[in-house]
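Below is one structure; the comments refer to it alone.
Following this line, the structure appears as structure tokens:
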């Protein structure tokens, strides 16, 4: 029970995450320019905030060596200080003191004035609400040894500098915060007679900070290299090398997908924005990572977080965009499909990585704690920006590409250049590109879904765990702090000794003492004409700065600039939305006699991932010789249809290869149709009513049908709507049988009046039953025992390794002499799953053959499945989705809508559906017309109509309830074999029907839910058809209804043409 609750909670959480990502992505896709600009503005504010923070941090310090505070402690009985850490008892009861050191280069009167200002004129805190409670060093902040008297610490000299020491009482969190604020205000005092080195560059040009940061970071890294162990140096160096490889790999992989620099640059900018937002966040919550730690951590941030997520999303978008020519596809729908496909795996991986980093953030290791905390927040921002800002970038990229193709500006040689590029590379360059690129970039979408980053995701997680473990167990100290203040230095030692003596003489002498000694902040007399940047560079920059200050920052001009930017944003958005609309080409004059002669202006088809624009063939007046035509076969647009027909008739081109040869699907179908017609006896097909034009043959080619000569339209009717599990659902039915849709609609009406239909899915498992042969029954029996016992888990693991969705649930083994039949029962996500399960069976049988070498595979399908054949095993064990539907129809509805009685319906159902079917020896045929309804929905929804043989097995039961007043009806269908991806569901008309039902494609959060929902709809629709037909039979209305609906008045022979009107 607890496991079931946790599973339900996980599913609900997954659904919530999927919906959140879906909505965020939809906002970005619908408003890409607005999202792009909004994130840029947010990033700009983050940048300037970080810049202002950096100007007051120690990376602007003029010293080349950074010292970290040193902590010492002394217990009540100690005669001197010892280095921290102290015991918990000492830490808990100790008096805590911060010693702030100021090194001054001037020894005259300026020093006295400076010292007086420091002690009496620097007040904290800064909050206006606390203006009446201000504290200075001499009044409230200093460590007082006697009443109202600060501890007097001696000054000392160091390299022509006078070092002043101040003891600040930091006992308790409030005093510690006040001490921090006071130290910060002293460090950032405005320039006066003396200026700190943190503020000495205040007058420098705005760009000088880049030089300062670079210089200090380089000096700091050099210092760390001099002090570090070989292991630390190796770890940092390896991190930088891997970071460079990561960037190169990103650009190489994006280039292979068709984007030279734009998308790779966008991914890099996406990461930079995430980094800035993460830095701002950790600063806001009080975590202060050292700039030097950041310099050491950046390569590991790049490597561990990486660019796998945007690459995976980009690859999926490009895969889906290749399914339909860009000029005929909805870019927003393509991208949202890709987002729905990758959202949950990406979110799951990020949660795991953030959890591991959170464990590292809870460690007590300085540097590692800040790194893990920053990485976790950076990872979260990276995912948020991926599905907002980067999704907007992808939308703009595809929309602009689509606009260029519609406008006819797409280079026809683009694919040729791409295919020829590797041959022009040197051997070394080809090797590097191959090593740094993704091998699955040319894989099919199905293969890429199975291999999408599983190895990379595991490797990254392993790297993060190993990295955290290395620091926790101190295998390396790459992020540890550098050198601390030397407390043994004579000047500092004398200060500490004086402090300890005064503490011993105070009222707190019995308490331990913990002292944190901070490095000295240097103050000096400001010098003129001292700049890091040459005047030849600073003068133009200062001129630009003056122009900026005068014009850009002018209150009126800045307002007009802001208005101009908003107007520009509005106009760009408007023009972009206008450009996205399909072009309205000028219509040419048509005649009623030739409604089909005008070819589509922008018909684009796809052959082996290459877009080819349909162009009218040359005139058929002159037919060249076979040899001349054969020489032009590489440029089929130069051949007319009669010449292509001549090549096929002479055996120079295969009829089945016309699509690949011509590069135009519709023309290939037209030529093949003419060939078949001229070779037939009647010779009528070429100009018959069978429609040809305006069909998605690119969806059919290589997937649904071969040797295509047209398409067969069927009338599509709608029954209902019917309330199924509380949802009003229409029932699409493609049929040529009159009265069928009307009958189902009457059944829907009756069921709705009773409150609707309720359905449940009792089982879900597609089956495949291979036939195996053994030398004797002993070997067959041993194999059966092994499969049912220890081999079950081995075969399951092998089977599941072949797909992300196929999961083996059950193995049923049966023997017939020395033949063995194994029935694999598998869940297959939202696919019907025959191809998926066949691949898994092959893998499992190969593993089985390793354990039983004398086994032979007779057939992968041994009719033990059983597929497209009536079989008792399907009726008993189930195949596909096993569904039960029920409804209660009030008695007055039976009489008013169905024109019969409850008793008559119950009696007819027993006599006809149960007794009659039993007399016929029927298997699963205990129904009136389940196959009728099911097959009509199968044809409408792109299912395999041949599977109606087993799918329409159904038992219809009726009984009187509520004291015989009302009718209870149920339909049990154990073998509904449906899917919402693959096969006929890829055709646009069938996709439209699935979209109408709300079950198109894979379910974004729960794989398999869409297919199960479709099975529920079919079972409920079958129940409606059963109810209406049985009522008609009971009332004697069947013949009259069919005479009215299924017979039409004779009409004249149609005029040759298409039955699809333009």
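In full-length UniProt numbering, the protein residues as written are 1 to 1062.
The beta-carbon is built from N, C-alpha and C at its ideal position, and this holds for glycine as well.
| query | Thinking C-alpha only, which one of 31, 18, 493 is nearest residue 80? | reply | Per the Cα distances, 493.
| request: Measure the beta-carbon distance from residue 784 to residue 820 and round it to whole angstroms, keeping in mind my assumption that it falls under 8 Å. | output: That belief holds up - the Cβ atoms of residue 784 and residue 820 are roughly 6 Å apart, short of 8 Å.
| message | If contact is defined by three or more beta carbon pairs under 8 Å, each pair taking one atom from either stretch, is the segment 970-980 in contact with the segment 991-1007? | response | Look at the beta carbons and you see the segment 991-1007 touching the segment 970-980: at least three pairs across the two are nearer than 8 Å.
| said: Within a Cβ cutoff of 7 Å, which residues of the same chain sit near residue 184, ignoring the five residues on either side of it in sequence? | reply: When the five nearest sequence neighbours on each side are left out, no beta carbon in the same chain lies closer than 7 Å to the beta carbon of residue 184.
| Roughly how far, in whole angstroms, is the beta-carbon of residue 1025 from the beta-carbon of residue 734, given that I think they are within contact range, below 8 Å? | Not really, about 15 Å apart at Cβ, beyond 8 Å.
| request: Note down, in chain order, each residue of its chain lying with its Cβ closer than 6 Å to the Cβ of residue 823, except the 5 sequence neighbours on either side. | output: Excluding positions up to five away in sequence, the list reads 767, 769, 812, 864.
| Is residue 931 close to chain B, meaning its C-beta is less than 8 Å from at least one C-beta of that chain? | In the structure shown, chain B does not exist; there is a single protein chain.
| How many Å lie between residue 591 and residue 665 at the Cα? | Here residue 591 scores only 37 on pLDDT, less than 50, and its place in the model should not be relied on; the value that follows carries that caveat. Going by the C-alpha atoms only, they are around 26 Å apart.
| message | For residue 287, which residues in the same chain have their Cβ closer than 7 Å to its Cβ, ignoring the five residues on either side in sequence? | response | Only residues of its own chain outside the window of five on either side were considered, and among them 370, 373 have a CB closer than 7 Å to the CB of residue 287, listed in chain order.
| query | What's the C-alpha gap between residue 387 and residue 35? | reply | One C-alpha to the other measures close to 11 Å.
| query | Rounded to a whole number of angstroms, what is the C-alpha to C-alpha distance between residue 17 and residue 344? | reply | Rounded to whole angstroms, residue 17 to residue 344 spans 7 Å at the Cα level.
| field | Within 8 Å, strictly: CB atoms of residue 141 and residue 97 | value | Not closer than 8 Å, so no.
| query | Would you call the CB atoms of residue 948 and residue 931 closer than 8 Å? | reply | Yes.
| Looking only at C-alpha atoms, which of 853, 776, 852, 828 sits nearest to residue 815? | Per the Cα distances, 776.
| task | Quick one: which unbroken beta strand (DSSP E) runs of 3-plus residues sit fully inside the segment 321-362? Chain order, please. | result | You should have found no qualifying run.
| request: Out of 512, 782, 150, 764, point me to the one whose CA is closest to residue 832's CA. | output: The option with the nearest alpha carbon to residue 832 is 764.
| request: Just the C-alpha distance for residue 710 and residue 302, rounded to the nearest angstrom, thanks. | output: Near 54 Å, if we compare the C-alpha coordinates of residue 302 and residue 710.
| task | Leaving out five residues on either side along the sequence, give the residues of the same chain with a beta carbon under 6 Å from the beta carbon of residue 728. | result | Spatial neighbours of residue 728 in its own chain (CB-CB distance under 6 Å, excluding positions within 5 residues in sequence) are listed in chain order as 721.
| query | How many Å lie between residue 316 and residue 330 at the Cα? | reply | If you take the alpha carbons of residue 316 and residue 330, they lie about 15 Å apart.
| query | So, are the CB atoms of residue 1028 and residue 717 less than 8 Å apart? | reply | Taking 8 Å as the cut-off, the Cβ atoms of residue 1028 and residue 717 do not count as close.
| said: Less than 7 Å between C-beta atoms, sequence neighbours within five positions excluded: which residues of the same chain meet that for residue 434? | reply: Annotation note: pLDDT 48 at residue 434 (below 50); position unreliable, coordinate value reported separately. The beta carbon of residue 434 sits closer than 7 Å to none of the beta carbons in its chain outside the five residues before and after it.
| task | Could you check the C-alpha separation between residue 695 and residue 713 for me, to the nearest Å? | result | Cα to Cα, the separation comes out at about 11 Å.
| field | Straight-line gap, residue 802 to residue 684 (C-alpha atoms, nearest Å) | value | Computed Cα separation, rounded: 48 Å.
| For residue 886, which residues does DSSP report across the bridge? | DSSP lists 758, 970 as the bridge partner or partners of residue 886.
| From residue 830 to residue 976, what does the alpha carbon distance come to, in whole angstroms? | Each residue's Cα considered, the two are about 13 Å apart.
| message | Quick check on this structure: which residue in 507, 148, 402, 166 has the alpha carbon closest to the alpha carbon of residue 518? | response | Looking at the Cα atoms, 166 is the closest of the given residues.
| said: If we require 4 or more residues per run, which alpha helix (DSSP H) segments fall completely within the segment 81-126? | reply: With a minimum length of 4 residues, the unbroken runs of alpha helix (DSSP H) contained wholly in the segment 81-126 fall at 88-93, 109-120.
| field | Given residue 871 as reference, the closest of 840, 192, 922, 902 once Cα atoms are compared | value | Distance from the Cα of residue 871 is smallest, within the candidate group 840, 192, 922, 902, for 922.
| task | Could you tell me which residues DSSP pairs with residue 851 in its beta bridges? | result | Per the DSSP secondary-structure output, residue 851 pairs with nothing in a beta bridge.
| query | Out of 403, 404, 520, 885, which has the shortest C-alpha to C-alpha gap to residue 954? | reply | The candidate whose alpha carbon is nearest that of residue 954 is 885.
| message | Less than 8 Å between the C-beta atoms of residue 124 and residue 162, yes or no? | response | Not a contact, by the Cβ cut-off of 8 Å.
| query | Can you tell which of 1023, 71, 917, 1022 has its C-alpha closest to the C-alpha of residue 488? | reply | With respect to the C-alpha of residue 488, the residue from 1023, 71, 917, 1022 having the closest C-alpha is 71.
| Do you know whose CA, among 236, 504, 516, lies nearest residue 484's CA? | Nearest C-alpha to residue 484: 516.
| said: Check whether the segment 619-637 and the segment 653-667 are in contact - that is, three or more C-beta pairs closer than 8 Å. | reply: Yes: the two stretches touch, three or more of their Cβ pairs being nearer than 8 Å.
| Is it a yes or a no for the segment 259-269 touching the segment 343-363, going by three-plus beta-carbon pairs under 8 Å? | Judged by Cβ distances under 8 Å, the segment 259-269 makes no contact with the segment 343-363, as fewer than three pairs qualify.
| message | So, with DSSP's three-state summary, where would you put residue 955? | response | In the structure shown, residue 955 sits in a strand (DSSP, three-state: E or B).
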